[in-house]
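Report on one structure; see the data block that follows.
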Amino acid sequence: MTDSRAGQPAQPADLVDVAHLVTRYFTETPDPDDPRQQVAFGTSGHRGSSLLTSFNEAHILATTQAI
Numbered sequence: 669m670t671d672s673r674a675g676q677p678a679q680p681a682d683l684v685d686v687a688h689l690v691t692r693y694f695t696e697t698p699d700p701d702d703p704r705q706q707v708a709f710g711t712s713g714h715r716g717s718s719l720l721t722s723f724n725e726a727h728i729l730a731t732t733q734a735i
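The opening residue of the sequence shown carries number 669 in the numbering used here; numbering runs sequentially from there.
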């Protein structure tokens, strides 16, 4: 089923505040005891967001150091 908005311009509510996203990427520290903030890979890779502290610079550093 095709979404009724397919092919239409994005609505303001669909857009993310890029400055806020980037700021949180570099300033937030994930809680290693919180499963929602841990790196978890599935068949589509890791799906996280700096807005939820589930994907940020600390995650990249930890992953590259582990490799």
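Don't be surprised by glycine CBs; every beta carbon is placed ideally from N, CA and C. Only a predicted model underlies this, so the values are computations on that prediction, with no experimental measurement involved.
In the DSSP assignment, find the alpha helix (DSSP H) that holds residue i and state where it starts and stops.
i: R744; result: For residue 744 there is no data in the structure shown, the boundaries of the chain being 669 and 735.
i: T732; result: 725–734
Please state whether the Cβ-Cβ distance between residue i and residue j is less than 8 Å.
i: G716; j: F723; result: yes
i: E696; j: S718; result: yes
i: T732; j: P698; result: no
i: V707; j: A687; result: no
For residue i, which three-state DSSP category applies?
i: D699; result: coil
i: A678; result: coil
i: L719; result: helix
i: R673; result: coil
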